[in-house]
Amino acid sequence: MDTDSNGDAAGGSPEREEKGTREISEQDQANTLPGMFEIGDYVRATYDDGVEAKIIGFGSHGDCQIRYVGCNNEQTVLLNELLPSWGRKGRRQQLVEAAEDQLRAKL
1 MDTDSNGDAA GGSPEREEKG TREISEQDQA NTLPGMFEIG DYVRATYDDG VEAKIIGFGS
61 HGDCQIRYVG CNNEQTVLLN ELLPSWGRKG RRQQLVEAAE DQLRAKL
């Protein structure tokens with residue numbers, strides 16, 4: 001089976017990334033100054049062990065607005081506190097965990 005750089009099956013996967021989004025690799029992050037992110041980039045916020053989020057806007061003080069994957073909560077964070085995304089697998093796992101948490105909350 002062919003896989004892409006994230007180890008996911010290559011080809012016609014029904015779970016496609018949103019158009020215009022990209023992940024920041026650790027090497028790219030090390031060579032990128034804060035402020036080089038774009039709206040739509042996936043990153044990890046330094047909340048607990050790093051929660052996957054998507055940049056949805058920028059502030060004027062070295063900060064940005066992010067939306068957490070799965071729970072859709074939004075928060076303003078400093079750009080220099082962001083980490084590279086764990087990739088598609090990390091986001092999928094976070095979505096599964098968020099759905100399980102929501103089910104437990106309803107019981």
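For the sequence shown, the UniProt record's numbering assigns the number 1 to the initial residue and increments by one for each residue that follows.
The beta-carbon is built from N, C-alpha and C at its ideal position, and this holds for glycine as well.
Secondary structure of residue i, DSSP reduced to three states
i: Asp101; result: helix
i: Glu52; result: strand
i: Leu95; result: helix
i: Gly59; result: coil
Cutoff 7 angstroms; reference residue i; Cβ partners in own chain excluding five residues on either side
i: Gly50; result: Arg44 and Leu83
i: Asn31; result: Legend: pLDDT at Asn31 = 42, less than 50; position of this residue unreliable, value from coordinates given subsequently. Same-chain partners within the cutoff: there are none.
Terminal residues of the beta strand (DSSP E) in which residue i lies
i: Cys64; result: Asp63 to Tyr68
i: Thr46; result: That residue, Thr46, is in no beta strand (DSSP E); it is neither H nor E in DSSP.
i: Glu81; result: Taken as a continuous stretch (DSSP letters only), Glu81 belongs to no beta strand (DSSP E), as it is neither H nor E.
Near the ligand MG: residue i beta-carbon under 6 angstroms from a heavy atom
i: Ile66; result: With respect to the ligand MG, the structure offers nothing, as it holds no ligand at all.
Close-in-space but distant-in-sequence residues of the same chain around residue i (CB under 6 angstroms, 5 per side omitted)
i: Tyr68; result: Val51 and Ala53
i: Phe37; result: Ile55
Whole-Å CB distance - residue i paired with residue j, under 8 angstroms assumed
i: Thr76; j: Gly59; result: 6 angstroms
i: Gly70; j: Ile55; result: Rounded, the Cβ-Cβ distance is 16 angstroms, inconsistent with contact.
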